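J.:
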RNA sequence: UGGGAAGUCGCCAAGUGGUUAAGGCUCUGGUUUUUGGUGCCGGCAUCGGGGGUUCGAAUCCCUCCUUCCCAGCCA
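Numbering (this note's numbering), first residue to last: 1 to 565.
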């Protein structure tokens with residue numbers, strides 16, 4: 001009988017609001033209902049992960065539920081492809097909306113009825129002002145607007161016109177349905193907002209059933225109310241819309257008026273997040289589609305090899321608040337590394353190979369060493385790695401003129417080949433241009449396994465791949481898509497800040513054979529190089545293509561930089 | 001110059017009148033290590049400015065400053 005009462009304080013202002021509402025008995029059936037309301041006009045990105053985790057996470061934490069509702073009220077921009085990708089992305093994150101998959105378009109009938117009622121009650125009217133006139137009448141930020149000359153037209157007339165609009169008897173742009181609120185409101189959203197507009201567009205879900213479509217400020221709050229949403233969470237830019245939200249949910253006959261709360265959207269430096277900019281990158285062919293591993297889209301992140309767990313951890317660490325913020329890219333990388341360190345299988349892969357020849361090792365001998373899959377896991381299995389006289393090592397692991405503090409291979413310096421033997425370089429072979437072609441060395445048979453009885457120390461350990469027993473793979477080294485912290489800040493054009501080194505292709509990397517067992521979705525660490533995954537798009541049976549997810553932290557690289565090397 | 005919001009360490013972010021002002025990332029010392037990875041130990045803020053209230057303020061009041069959002073028949 002443990003009496004310990006876990007009083008976990010709410011971790012952000014939304015949790016506090018929910019807990020207060022729950023405690024005050026304000027929530028119907030004591031069950032909160034949230035919703036994730038994407039518009040299917042593009043791919044979801046990392047910013048959406050924050051919203052998804054918030055909405056689904058809150059529902060989980062307080063034993064409520066979260067609806068997936070598509071805000072599909074603009075048929076011109078919405079596509080089935082997006083609807084499907086959104087579901088795939090949310091599922092990948094591990095969230096389940098169960099039966100609760102909805103579409104604002106499901107409510108078109110009800111929305112229409114409410115609109116008709118508003119007209120009958122004199123609370124809405126058909127306006128025949130053109131778009132330009134409408135803009136003029138709206139006023140400016142500092143000047144109040146003017147009532148439309150159509151505002152006081154007879155109810156019957158508006159009713160008839162609205163019906164004709166619905167029947168397609170009027171062209172696009174000729175008239176709209178507007179609410180009568182207050183043209184003098186300091187809040188632009190309350191200056192008789194448009195409720196319905198005419199669009200002769202084919203809708204993904206309703207086809208050609210409608211040619212009038214409701215606007216966000218009318219649709220969203222009512223959809224929330226219909227679904228019994230208790231806490232409607234959105235981003236800061238909708239703060240100004242809250243009065244409109246409240247106006248709509250307070251229309252007679254609408255029950256369980258939900259409340260809207262706003263939080264700061266996620267921004268990360270070195271990234272662009274707007275759908276417009278992302279779409280542009282795709283259209284211009286700057287990236288390999290929406291799922292390019294450098295894209296911040298969920299599909300890009302997945303293809304890059306980031307795990308859903310690390311993404312949830314990331315948004316959790318970022319927190320939820322109301323101040324606009326820009327999160328450091330380093331936090332993202334930290335979360336990815338932390339998760340992958342625990343789960344990635346270790347393999348030896350040489351990205352920039354040079355040959356290492358062990359002169360005193362038998363020419364035709366092949367011996368196998370045992371390599372642990374993951375040293376972080378005490379129960380980890382291991383796999384065999386073939387070792388031979390000729391190997392490939394990383395070019396970076398040998399230096400003709402070692403800088404201060406360098407303890408890898410150089411003439412006379414004994415270094416360990418991981419799992420295998422200690423070797424000492426003796427000479428270098430160069431081509432006519434002076435490039436190092438091969439390094440010769442001798443090995444100490446007594447160091448078999450990578451240690452000696454005398455306990456003598458070696459400072460460096462290098463990874464290696466047998467020249468004859470290894471396989472060749474293609475590796476794509478990805479880095480930040482943008483080179484500046486705030487893309488476009490300098491010139492005003494974010495494309496000016498593209499990082500020219502964001503995608504480097506290595507076609508002749510050498511890998512231990514074990515790599516052939518890799519499946520798409522496996523998390524790998526190429527020892528001392530970083531985390532990698534099999535590319536889901538460009539790998540085929542004949543050739544494996546790997547994507548670098550993220551590098552390992554590299555304190556030697558930083559030291560070199562500091563020393564100006 | 002209208003309205004709405006935000007300002008706590010380089011980046012996030014707790015804190016809601018009495019705390020040595022949480023925590024994470026970054027940075028940085030050291031240590032462990034068959035990954036210059038990981039792990040472990042340590043360092044790093046007086047709260048946008050100025051007044052005031054109070055025995056006592058990041059927390060209350062006044063004032064000033066800065067930043068962001070809003071004038072789609074987009075969401």
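Quick reminder that beta carbons are idealized off the backbone N, C-alpha and C, glycines included. Everything numeric in this text was worked out from a predicted model, so none of it was measured.
Would you say the beta carbon of residue 531 is closer than 8 angstroms to some non-hydrogen atom of the ligand GTP?
T.: No copy of the ligand GTP appears in this structure; indeed no ligand is present at all.
J.: Provide the residue(s) that pair with residue 65 in DSSP beta bridges, ordered along the chain.
T.: On the first chain, residue 65 is found 65 positions in, with the first residue counted as 1. BP columns for residue 65 point to 33.
J.: Quick one: residues in its chain with C-beta nearer than 6 angstroms to the C-beta of residue 518, no 5 flanking neighbours on either side, listed in chain order?
T.: Your numbering for residue 518 matches position 518 in the first chain. Excluding residues within five positions, the ones whose Cβ falls inside 6 angstroms are 534.
J.: Can you find at least 3 beta carbon pairs, one from the segment 220-231 and one from the segment 95-112, that sit closer than 8 angstroms?
T.: As far as the Cβ criterion goes, the segment 220-231 touches the segment 95-112, which means the pair count is three or higher.
J.: Within this structure, are the beta carbons of residue 354 and residue 439 separated by less than 9 angstroms?
T.: What you label residue 354 is simply residue 354 of the first chain in a count that begins at 1. What you label residue 439 is simply residue 439 of the first chain in a count that begins at 1. Yes.
J.: Using 9 angstroms as the threshold, is the C-beta distance between residue 272 and residue 482 below it?
T.: Position 272 of the first chain holds residue 272. Position 482 of the first chain holds residue 482. Yes, these two residues count as a Cβ contact at 9 angstroms.
J.: To test your reading of the DSSP string, which unbroken alpha helix (DSSP H) runs of 4 or more residues are found completely within the segment 53-122?
T.: Counting only runs of 4 or more, we get 80-92, 108-120.
J.: Within the continuous beta strand (DSSP E) that includes residue 221, where are the two ends?
T.: Taking the first chain and counting its residues from 1, the one referred to as residue 221 is at position 221. Per DSSP, residue 221 belongs to no beta strand (DSSP E); it is in the alpha helix (DSSP H), 216-227.
J.: Closest to residue 567 by CA distance: which of 554, 542, 539 is it?
T.: The structure shown does not extend to residue 567, since the chain is modelled only from 1 to 565, so the question has no answer here.
J.: Report the three-state DSSP secondary structure of residue 249 (helix, strand or coil).
T.: Position 249 of the first chain, counting from 1, holds the residue named residue 249. Residue state, collapsed to three classes: helix.
J.: For residue 205, which residues in the same chain have their Cβ closer than 6 angstroms to its Cβ, ignoring the five residues on either side in sequence?
T.: The count along the first chain starts at 1 and reaches residue 205 at position 205. So the list reads 103, 105, once near-sequence residues are dropped.
J.: For residue 329, which three-state DSSP category applies?
T.: In the first chain, the residue the question calls residue 329 occupies position 329. Residue state, collapsed to three classes: helix.
J.: Using the beta-carbon count (16 or more within 10 Å), is residue 414 buried or exposed?
T.: Looking up residue 414 in the first chain gives position 414. Buried, because 16 or more other Cβ atoms sit within 10 Å of the Cβ of residue 414.
J.: What residue range is occupied by the uninterrupted beta strand (DSSP E) comprising residue 280?
T.: For the purposes of this step, residue 280 is taken as residue 280 along the first chain, with counting starting at 1. Residue 280 -> not in any beta strand (DSSP E); alpha helix (DSSP H) instead, spanning 275-283.
J.: Starting from residue 160, trace the alpha helix (DSSP H) both ways and give me its first and last residue.
T.: For the purposes of this step, residue 160 is taken as residue 160 along the first chain, with counting starting at 1. First-last of the alpha helix (DSSP H) with residue 160: 155-166.
J.: Could you spell out the range, first to last residue, of the beta strand (DSSP E) harbouring residue 530?
T.: Within the first chain, numbered from 1, the residue matching residue 530 stands at position 530. It spans 530-534 - the beta strand (DSSP E) in which residue 530 sits, taken as one unbroken run.
J.: Just how far apart, CA to CA, sit residue 18 and residue 65?
T.: Along the first chain, read from residue 1 onward, the residue named residue 18 stands at position 18. Along the first chain, read from residue 1 onward, the residue named residue 65 stands at position 65. Each residue's Cα considered, the two are about 13 angstroms apart.
J.: Check whether the Cβ atoms of residue 44 and residue 119 lie closer than 9 angstroms to each other.
T.: In the first chain, residue 44 corresponds to position 44, counting from 1. In the first chain, residue 119 corresponds to position 119, counting from 1. Their beta carbons are not under 9 angstroms apart, which means residue 44 does not touch residue 119 by this criterion.
J.: Taking the CB atoms as reference points, tell me whether residue 59 and residue 32 lie closer together than 9 angstroms.
T.: Taking the first residue of the first chain as 1, we reach residue 59 at position 59. Taking the first residue of the first chain as 1, we reach residue 32 at position 32. In this structure, residue 32 lies closer than 9 angstroms to residue 59 by Cβ.
J.: Between which residues of its own chain and residue 12 is the CB-CB distance below 6 angstroms, once the five residues before and five after are set aside?
T.: Here residue 12 is taken as the residue at index 12 of the first chain, counted from 1. Closer than 6 angstroms at Cβ, skipping near neighbours: 320.
J.: Residue 295 and residue 527: beta carbons closer than 9 angstroms?
T.: As a first step, residue 295 is located in the first chain; it is residue number 295 there, counting from the start. As a first step, residue 527 is located in the first chain; it is residue number 527 there, counting from the start. No; because the gap between Cβ atoms is not below 9 angstroms, this pair is not in contact.
J.: In whole angstroms, what separates the C-alpha of residue 207 from that of residue 71?
T.: Counted from its first residue, the first chain places residue 207 at position 207. Counted from its first residue, the first chain places residue 71 at position 71. Going from the Cα of residue 207 to the Cα of residue 71 covers about 16 angstroms.
J.: What three-state label does DSSP hand residue 335 in the structure shown?
T.: Position 335 of the first chain, counting from 1, holds the residue named residue 335. Of the three classes helix, strand and coil, the one that applies to residue 335 here is helix, per DSSP.
J.: Among residues of its own chain, excluding the 5 on either side of residue 203, which ones have a beta-carbon nearer than 6 angstroms to its beta-carbon?
T.: Mapped onto the first chain, residue 203 falls at position 203. So the qualifying residues of the chain are 75.
J.: Given 8 angstroms as the limit, is there contact between the segment 259-270 and the segment 122-132, that is, 3 or more CB pairs closer than that?
T.: No, because fewer than three Cβ pairs between the segment 259-270 and the segment 122-132 fall closer than 8 angstroms, the two stretches do not touch.
J.: How big is the Cα-Cα spacing for residue 396 and residue 504?
T.: Here the question's residue 396 lines up with position 396 in the first chain. Here the question's residue 504 lines up with position 504 in the first chain. Roughly 17 angstroms between the two C-alpha positions.
J.: I'd like to know whether the C-beta atoms of residue 442 and residue 426 end up nearer to each other than 9 angstroms.
T.: By 1-based counting over the first chain, the position of residue 442 is 442. By 1-based counting over the first chain, the position of residue 426 is 426. A contact, by the Cβ cut-off of 9 angstroms.
J.: Identify which residue in 249, 545, 345 has its Cα closest to the Cα of residue 114.
T.: Within the first chain, the letter at position 114 stands for residue 114. When only C-alpha atoms are compared, the closest one is 249.
J.: Measuring straight from C-alpha to C-alpha, what distance separates residue 422 and residue 561?
T.: For the purposes of this step, residue 422 is taken as the residue at position 422 of the first chain. For the purposes of this step, residue 561 is taken as the residue at position 561 of the first chain. When rounded, the distance between both Cα atoms is 29 angstroms.
J.: Between the C-alpha atoms of residue 545 and residue 361, what's the straight-line distance to the nearest angstrom?
T.: Translated into positions along the first chain, residue 545 becomes position 545. Translated into positions along the first chain, residue 361 becomes position 361. C-alpha separation (whole angstroms): 33 angstroms.
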